[in-house]
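First residue of the sequence shown: 453, per my numbering; consecutive thereafter.
From the three backbone atoms N, C-alpha and C, an ideal C-beta is built for every residue, glycine too.
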Amino acid sequence: MTTDLWEPGLLAVVGLLAGAVNAVAGGGSMISFPVLVAMGVPPVTANVTNSVAALPGYLGGSLGYRAELKGQGRQVRTFALVSIPGAIGGALTLLAVSDEVFRAVVPWLVLASAVMLAAQPRVAALAARHGARSSRIGLLSAQFVVAFYGGFFVAGLGIVMLAMLGVFLTDTTHRLNALKSVLSLIVGSVSALAFVALTPVAWGPALLLAVTGLVGGRLGVSAARRISPSALRRGVAVWGVGVAIALEVSLYVS
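Spelled out as structure tokens, the structure:
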């Protein structure tokens, strides 16, 4: 990784943006991940670093949504029971694959996240017509899969989780966002502990992204209350498609 003087400043700005986007609608790591890779961090290490760095942003978002989390304690505890093993499974799977394999699948994971977020309202309406919202087993199974995804690839975790919650739960966007923030914090904490114990982390970028991500997370909650949910969803989805294309192109020029 290069040590140019401009990199800390760029990472600080990226951390603020990523923390804010994570708090608003998820997908902040789709900003920081490609920047880390562009700076020369190997893809798996960049993902691990992203996972560690995202935690303060998730914490900031959860604190900012304290009002919207009221009455959701039981739901959080239930989801945690499937999120923890899912995150562990995803983290261990990541550590078992090579950089080449991971880099090949990453663009498709990002693209799938963006498409899922864009399609979430229609999928939720379809699920409601077919009774999927009442399926507790389906809900918990979906959360396990999302947690596995988050342990394997942190970028897009909030997007995938928000889309899943919107399909199965009937609630306001802000309350779903609050639930997403807490569950992302749980998944991120579990996978980060596994990574710190088992694999190298680029600690310099991780710490800088973490500090600025915490500030961005708190600011993002304030912004989320003033922005149309549909506009947020479209904006993050478009960004995700752009990142997926850029990552795929980079496979052929590197």
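Query, Result
"Can you give me the start and stop residues for the alpha helix (DSSP H) that R678 sits inside?", "Note, R678: premise wrong, no alpha helix (DSSP H); not H, not E."
"In the DSSP assignment, find the alpha helix (DSSP H) that holds G618 and state where it starts and stops.", "609 to 620"
"Classify T454 as buried or exposed, calling it buried when 16 or more other Cβ atoms lie within 10 Å of its own Cβ.", "Any reading at T454 must be qualified, since the residue scores a pLDDT of 45, below 50, and its modelled position is unreliable; no value is offered."
"Thinking just about the alpha-carbon of each residue, which of F596, G602, R574, F531 is nearest to the one in V558?", "G602"
"Would you mind giving the Cβ-Cβ distance between V612 and V598, rounded to the nearest angstrom? I have them listed as a contact below 8 Å.", "5 Å"
"On the premise that V496 lies in contact with L631, defined as a C-beta separation below 8 Å, what is that separation, rounded to the nearest angstrom?", "With a Cβ gap of about 29 Å, L631 and V496 do not count as contacting."
"With distance defined between alpha-carbon atoms, name the residue in L671, G668, V693 nearest to M568.", "V693"
"Excluding the 5 residues preceding and the 5 following L468 in the sequence, name in chain order all residues of the same chain whose CB lies nearer than 7 Å to its CB.", "T664, V667, G668"
"Considering just the uninterrupted stretch of the alpha helix (DSSP H) at A649, what are its terminal residues?", "625 to 650"
"Looking only at its own chain, which residues have a Cβ that is under 6 Å from the Cβ of A472, when we skip the five neighbours before and after it?", "G668, L671, G672"
"Between I638 and G541, what straight-line distance do the alpha-carbon atoms span, to the nearest angstrom?", "14 Å"
"Suppose you measure from the CA of L661 to the CA of A506; what does that come to, to the nearest Å?", "8 Å"
"How about the region 587 to 597 and the region 521 to 536: do they share at least three Cβ pairs that are nearer than 8 Å?", "yes"
"With H, G and I counted as helix, E and B as strand and the rest as coil, what does DSSP make of F485?", "helix"
"Here's the rule: buried if 16 or more other CB atoms are within 10 angstroms of the residue's CB, otherwise exposed. What is P755?", "There is no way to answer for residue 755, as the model of the chain reaches only from 453 to 706."
"Under 6 Å Cβ to Cβ from S643, same chain only, skipping five residues before and after it: list those, please.", "S503, A539, A543, G603"
"Output the distance between the C-alpha atoms of V619 and P508, rounded to the nearest integer angstrom.", "27 Å"
"L561 and F608 - do their beta-carbons sit closer together than 8 Å?", "It is worth fixing the name first, because residue 608 is Gly in this sequence and not Phe. Yes. Within cutoff."
"In or out: L511 buried (at least 16 other Cβ within 10 Å) or exposed?", "buried"
"Out of G640, R588, Q524, which one is the CA nearest neighbour of V606?", "G640"
"CA-CA distance, W655 and Y517?", "28 Å"
"Nearest CA to the CA of A571: which residue from F554, L488, S682?", "S682"
"Where does the unbroken alpha helix (DSSP H) through F596 begin, and where does it stop?", "588 to 604"
"Buried or exposed for V553, going by 16 or more other Cβ atoms inside 10 Å?", "exposed"
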